[in-house]
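Q: Quick one: the structure is below, and I'll ask about it shortly.
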Amino acid sequence: MTLKSEDIRNIAHLARLHIDEDAIDDYVDDLSNILSLVDQMNQIDSSSVAPLSNPLDATQRLRADEVTETNQRDKFQQIAPDVADGFYRVPKVIE
Amino acid sequence: MTRSVIEICAGLATGEFSSVEITQDYLARIALHNPALNCFISVTGELALEQARQADAVRAAGNAGALTGVPIAHKDLFCTDGVRTSCGSRILDNFIAPYDATVIEQFNQGGTVMLGKTNMDEFAMGSSNENSYYGSVANPWNLKHVPGGSSGGSAAAVAAGLAPAATGTDTGGSIRQPAAFCGVTGIKPTYGRVSRYGMIAFASSLDQGGPFARSAEDCALLLQTMAKFDPRDSTSSEQAVPDYSAGLGQGIEGLKIGLPKEYFADGLDSRIAGVIETAIDELRKLGAEIKEISLPNTGLSIPTYYVVAMAECSSNLSRFDGVRFGHRCEKPVDLEDLYKRSRGEGFGAEVKRRILIGTYALSAGYYDAYYLKAQQLRRMIKDDFQSAFDSVDLILGPTTPEVAFEIGAKTDDPVSMYLQDIYTISLNLAGLPGMSLPVGFVDGLPVGMQLIGNYFDEAGLLAAAHSYQQVSDWHLQTPGLTS
């Protein structure tokens, strides 16, 4: 599997990750090499095997829908980059 | 300063020294050696002395527990309330965690003293500790070599005697491989045995915390404090936790140990193979029955692992967006620019590679070919182990194909770095427990032997390792640091 520089730009956009233009070629090489390694998976026919998502085949534990957390907004907002009046501030989204 | 945890517990109990005194000794040793080794991202000296004073008071009141007053270092991936938790990343360089991880809470309740937070590959992604925003860690046995990763700071700190014990996490070998490279003992428990709450997530279906120490006996004590059902971790196990220290004496007479032929094939340094053979002979003398087994899908574990790990990391790391905590770029023009530049500036090269591959593998049209395929192979790899455990009690092999390599030797080629994980990653895919213990040297660098147990058989692993350490002294060797 070989990627093109346009693929890298698309994936980086999907991941909301800024990549410097002059680093794109390196990512093309590195990611293509990694995908070649990954393509070894196709040596085996696994079409009849059920996928495994939890190594213990465990299912998600449920709990009662009760409030267990206390409000710690002030503590959490102390480490935020930009807050005002108890809100997190980001650049304007709607014109 | 190469006291074991057991020796420190005894010294504290008899009053040979106080927790404050032993803590001061370790802080002095950190101040002396950390500039060259770079094991610690943060040294929490004031907090440590405060905790030590409290521990001494608890002991004076007659309320000491097994680990009260014992100094310990924590991987900088466990959230520590009020203390910077960087995960080795620029994006969390300013992150003061607002809560304690369950593991930290359990150690605090046990009265241990935190010396500091240890260096690591950024977000635990790496096998050499070279991917840390805070710089490489030097291997105490040879400062030009890597300590392994991702928990390289923890392993090197224990090896160098900067801490008697440390916590780590293991997603594909990140406890066992640095334990092997640094000549210390480390155990990765069964998936779900130790709570993941407050452990900054890399790949949630693979991540598992565990301890590093100088011996299996010490690891048993530490794991006792870490292993517990935690309702705050949705995949935490409710299985009862046995008394690990009490089980250490069970011996290995009659134990059936399997050697996977795939773990001794091409790619393994023949000198490591020789060292492992010598250790196997020792186990035979102790009464173990050794037989060859096969794990036929071993070769598929690397591609399978990297798809699962990268897919899960791309999802987990989407939370770092520059909005609520962590690094934010200067003067974002709009929200998308804020996300992209905060993440682009905050993450290092390897983390970016993995996010990109994971995003690609999960994107429309590729999900079945990559993620689903990897999950199918994951079951086949797990089934290999389950078949093997029908006929053996433990599985044994080398922890790594090479001893610690030189800093910079593999940084230009991510794929060659990934191949280092060949013997360790399949356990994470299967969720099995494994440990590494020192069994000799090649070129003056430690060799690790890996023991693999059946689900929740940490006690069996620790007992086997303890039996070996009763008749060998590799775990007692220390690097020749000046003073």
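So the protein lines, in turn, are chains A and B.
Counted from 1, the first sequence has number 254 at position 66 by this note's numbering; the numbering is strictly sequential.
Counted from 1, the second sequence has number 32 at position 14 by this note's numbering; the numbering is strictly sequential.
For glycine and all other residues, C-beta sits at the position ideal for the given N, C-alpha and C.
(1) Starting from the beta carbon of A:R204, find every residue of chain B whose beta carbon is closer than 8 Å, and list them in chain order.
(2) With DSSP run on the structure shown, which of helix, strand or coil describes B:I26?
(3) State yes or no: is the beta carbon of B:S501 nearer than 7 Å to at least one beta carbon in chain A?
(4) Can you name the residues of chain B whose CB is closer than 9 Å to the CB of A:N221?
(5) Threshold first: 4 residues or longer. Then list the alpha helix (DSSP H) segments lying entirely within the region 56 to 144 of chain B, N to C.
(6) Just to confirm before moving on: does the CB-CB distance between B:V23 and B:D236 stay below 7 Å?
(7) Under the DSSP definition of a beta bridge, which residues are partnered with B:H460?
(8) Using a 10 Å radius around the Cβ and a threshold of 16 neighbouring Cβ atoms, would you call A:V255 buried or exposed?
(9) Would you give the residue range spanned by the beta strand (DSSP E) that B:K274 belongs to?
(10) Starting from B:M582, find everything on chain A with Cβ-Cβ shorter than 7 Å and list it in chain order.
(11) Which value, in whole angstroms, describes the spacing of the CA atoms of B:S37 and B:E64?
(12) If B:D219 sits next to B:D225, beta carbons under 8 Å apart, how far is it from one beta carbon to the other, in whole angstroms?
(13) Looking at the structure shown, is B:K358 part of a helix, part of a strand, or coil, going by DSSP?
(14) So, using beta-carbon positions, are B:V325 and B:A392 closer together than 7 Å?
(15) When DSSP labels each residue in this structure, what does B:F230 get in the three-state scheme?
(16) Going by DSSP, which residues form a beta bridge with A:Y276?
(17) In chain order, what residues of the region 302 to 327 of chain B put their CB closer than 8 Å to some CB of chain A?
(18) Listing by chain order, which chain A residues have their CB less than 7 Å from the CB of B:T253?
(19) What are the boundary residues of the alpha helix (DSSP H) that B:T296 is part of?
(20) Are B:L55 and B:A156 closer than 7 Å when you measure CB to CB?
(21) Can you tell me whether DSSP reads B:G167 as helix, strand or coil?
(22) Give me the DSSP bridge partner(s) of B:M398.
(23) Chain B partners of A:K263, CB-CB under 7 Å?
(24) Going by the beta-carbon positions, is the gap between A:P243 and B:Y209 smaller than 7 Å?
(25) Measuring only between beta-carbons, confirm whether A:R197 sits less than 7 Å from chain B.
(26) Could you have a look at B:T253 and say whether DSSP puts it in helix, strand or coil?
(27) Counting only Cβ pairs nearer than 7 Å, list the residues of chain B close to A:H252.
(28) Using a Cβ-Cβ cut-off of less than 9 Å, list which residues of the region 199 to 210 of chain B approach chain D; keep chain order.
(29) Report back the beta-carbon spacing between B:A46 and B:S172 to the nearest angstrom; my notes put them in contact at under 8 Å.
(30) Got a sec: is the Cβ-Cβ distance from A:A268 to anything in chain B below 7 Å?
(31) Between the region 439 to 454 of chain B and the region 308 to 326 of chain B, can you find at least three pairs of beta-carbon atoms closer than 8 Å?
(32) Are B:R194 and B:G204 closer than 7 Å when you measure CB to CB?
(33) Mapping DSSP to helix, strand and coil, what is A:T190?
(34) If distances are taken between C-alpha atoms only, which option among B:I311, B:G498, B:L463, B:E476 comes closest to B:P207?
(35) Buried or exposed: which applies to B:S223, given that a residue is buried once 16 or more other Cβ atoms fall within 10 Å of its Cβ?
(36) Given that B:G449 touches chain A, what residues does it touch there, using C-beta distances under 7 Å?
A: Well, looking at it:
(1) Identification of chain B residues near A:R204 by a Cβ-Cβ cut-off of 8 Å yields S336, D339, E354, Y357, K358, R361, ordered along the chain.
(2) B:I26 carries a helical assignment under DSSP once its states are collapsed to helix, strand and coil.
(3) At B:S501, the pLDDT of 47 sits below 50, so the modelled position is not reliable and the matter cannot be decided from this model.
(4) Residues of chain B whose Cβ lies closer than 9 Å to the Cβ of A:N221 are, in chain order, D431, P432, V433.
(5) Counting whole runs of 4 or more residues, the region 56 to 144 of chain B contains the alpha helix (DSSP H) stretches 63 to 78, 120 to 127.
(6) Their beta carbons are under 7 Å apart, which means B:V23 touches B:D236 by this criterion.
(7) Going by the sequence as given, residue 460 of chain B is Val instead of His. Beta-bridge partners assigned by DSSP to B:V460: B:L463.
(8) Classified as exposed, A:V255 has fewer than 16 neighbouring CB atoms from the shown chains inside 10 Å of its CB.
(9) 274 to 278 is the span of the beta strand (DSSP E), which, as asked, contains B:K274.
(10) One cannot answer for residue 582 of chain B here, as it falls past the ends of chain B, which runs 19 to 501.
(11) Each residue's alpha carbon lies about 14 Å from the other.
(12) The sequence given here has Ala at residue 219 of chain B, not Asp. So it is a contact: roughly 6 Å between Cβ atoms.
(13) Note: B:K358 maps to helix in three-state DSSP.
(14) Yes, the pair counts as a contact, with Cβ atoms nearer than the cut-off.
(15) It is a strand residue.
(16) A:Y276 is bridged to A:V271.
(17) Answer set for the region 302 to 327 of chain B: N315, G317, L318, I320, P321, T322, Y324, V325.
(18) The contacting residues are N242, A246.
(19) Residue range 288 to 303 is occupied by the alpha helix (DSSP H) that includes B:T296.
(20) For B:L55 and B:A156, yes; Cβs fall inside 7 Å.
(21) The answer is coil: DSSP assigns B:G167 none of H, G, I, E or B.
(22) None, per the DSSP bridge assignment.
(23) Listed along chain B, the residues sitting closer than 7 Å to A:K263 by beta-carbon distance are P116.
(24) A contact, by the Cβ cut-off of 7 Å.
(25) For A:R197, no CB of chain B lies under 7 Å from its own CB, so it is not counted at the interface with that chain.
(26) Correct three-state label for B:T253: coil.
(27) According to the sequence displayed, residue 252 of chain A carries Ala and not His. Contacts between A:A252 and chain B, judged by CB atoms closer than 7 Å, are missing: the closest CB pair is about 11 Å apart.
(28) Structure shown: chain D not included; protein chains present are A and B.
(29) Wrong, their Cβ atoms sit about 20 Å apart, outside the cutoff.
(30) Yes - at least one Cβ of chain B is within 7 Å of the one on A:A268.
(31) Short answer: they touch.
(32) A contact, by the Cβ cut-off of 7 Å.
(33) In the three-state DSSP reduction, A:T190 falls in the coil class, being neither helix nor strand.
(34) Answer by Cα proximity: B:E476.
(35) Answer is buried; the Cβ neighbour count reaches 16.
(36) Going along chain A in sequence order, the residues near B:G449 (Cβ under 7 Å) are P243, L244.
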